[in-house]
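Engineer:
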DNA sequence: TTGACATGCAACCGTATGGTTGCCTATTGT
DNA sequence: ACAATAGGCAACCATACGGTTGCATGTCAA
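Residue numbers (this note's numbering), protein chains in the order written: chain A, 238 to 341; chain B, 238 to 341.
In structure tokens, the structure reads:
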């Protein structure tokens with residue numbers, strides 16, 4: 238779980254996920270297109286995404302095809318975000334109460 | 238949005254959010270209790286959480302009360318995670334197809 | 001008023017991170 | 001066969017990050 242959060246912390250990596258979401262199965266060079274970064278930097282990001290299991294790569298001859306794995310993202314939603322959804326209203330109303338107590 | 242992802246990337250900070258979720262409105266010292274970290278380290282984490290708008294702090298005399306703001310977490314779910322939910326099955330089936338093509 | 005308590009500020013430190021450059025290897029098309 | 005193409009590896013660099021220590025400030029209670 239920590240790997241996933243760490244992987245998602247970087248905007249470049251999130252944008253790589255976006256690109257794969259738009260078009261799955263891209264090669265390294267395809268993913269580099271139009272980015273202000275060297276190929277090696279992209280490689281490093283992809284390694285981190287693969288370690289977090291957010292991307293799966295398949296070698297196909299000399300090409301490496303990258304596939305998005307949406308499962309960990311989904312799990313963040315289910316296991317982590319949902320926990321904070323419950324009690325959302327409670328938390329906000331408590332805060333509001335405190336603010337009013339102070340200001341009023 | 239980037240601030241939120243960055244703030245969530247650290248396990249200590251996520252655990253602080255957990256603590257506030259369990260008991261809202263805690264002071265700095267309360268939040269330090271039982272953590273293997275100095276007060277100053279916790280302060281720094283709280284600053285980052287406040288900058289990401291995940292925590293709101295209110296001064297009450299010499300105490301500083303910290304309140305969880307679940308809104309950004311919710312937004313991550315709505316604006317970011319949901320985007321990847323759509324097409325989740327599609328992505329996985331594409332990947333499976335590719336895997337079978339390679340292995341079979 | 002003064003001591004204890006809650007927090008703030010700043011300098012410092014080691015390591016992780018994001019990025020680069022340079023070179024090497026493997027595959028493929030002609 | 002061999003040049004071009006796709007990718008991998010390793011060293012290096014600046015800066016961000018998580019943490020510490022030491023001291024200063026503000027507030028409350030006796």
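Ideal placement from N, C-alpha and C gives every residue a C-beta, glycine not left out.
When you compare the CB of residue 313 of chain B with every CB in chain A, is at least one pair closer than 8 Å?
Structural biologist: yes
Engineer: Give the DSSP bridge partners of residue 301 of chain A, in chain order.
Structural biologist: Note: residue 301 of chain A is bridge-paired with A:296 in the DSSP secondary-structure output.
Engineer: Since residue 246 of chain A meets chain B, which of its residues come closer than 8 Å, beta carbon to beta carbon?
Structural biologist: 242, 243, 245, 246
Engineer: Could you give the DSSP three-state label for residue 264 of chain A: helix, strand or coil?
Structural biologist: coil
Engineer: Please report the distance separating the alpha-carbon of residue 179 of chain A from that of residue 296 of chain B.
Structural biologist: Not covered by the structure: residue 179 of chain A. The range shown for chain A is 238 to 341.
Engineer: Using the beta-carbon count (16 or more within 10 Å), is residue 306 of chain A buried or exposed?
Structural biologist: Around the CB of residue 306 of chain A, 16 or more other CB atoms lie within 10 Å, so the residue is classed as buried.
Engineer: Compare the C-beta of residue 258 of chain A against all C-beta atoms of chain B and say whether one is closer than 8 Å.
Structural biologist: For residue 258 of chain A, the answer is yes, since a Cβ of chain B falls inside 8 Å of its Cβ.
Engineer: What whole-angstrom Cβ distance do residue 303 of chain A and residue 262 of chain A have, given they're in contact under 8 Å?
Structural biologist: Contact between residue 303 of chain A and residue 262 of chain A holds: their C-beta atoms lie close to 7 Å from each other, under 8 Å.
Engineer: Please return the same chain residues whose Cβ sits closer than 8 Å to the Cβ of residue 286 of chain A, not counting the five positions on each side in sequence.
Structural biologist: Result list for residue 286 of chain A: 244, 250, 253, 254, 292, in chain order.
Engineer: Check the Cβ-Cβ distances between residue 281 of chain B and every residue of chain A, and say whether any is below 8 Å.
Structural biologist: no
Engineer: So if I threshold CB-CB distances at 9 Å, which residues from the stretch 278-305 of chain B count as touching chain A?
Structural biologist: 293, 295, 296, 297, 302, 304, 305
Engineer: Just to confirm my understanding: we take residue 240 of chain B, look at its own chain, exclude 5 residues before and 5 after, and list those with CB closer than 7 Å. What are they?
Structural biologist: 288, 289
Engineer: Residue 267 of chain A versus chain B: which residues are under 7 Å apart at the beta carbon?
Structural biologist: In chain order: nothing, as chain B lies at least about 15 Å away.
Engineer: Let's see if you can read the secondary structure: which residues bound the alpha helix (DSSP H) around residue 309 of chain A?
Structural biologist: 308-312
Engineer: Beta-carbon separation of residue 268 of chain A and residue 279 of chain A under 8 Å?
Structural biologist: Yes, the Cβ-Cβ distance between residue 268 of chain A and residue 279 of chain A is below 8 Å.
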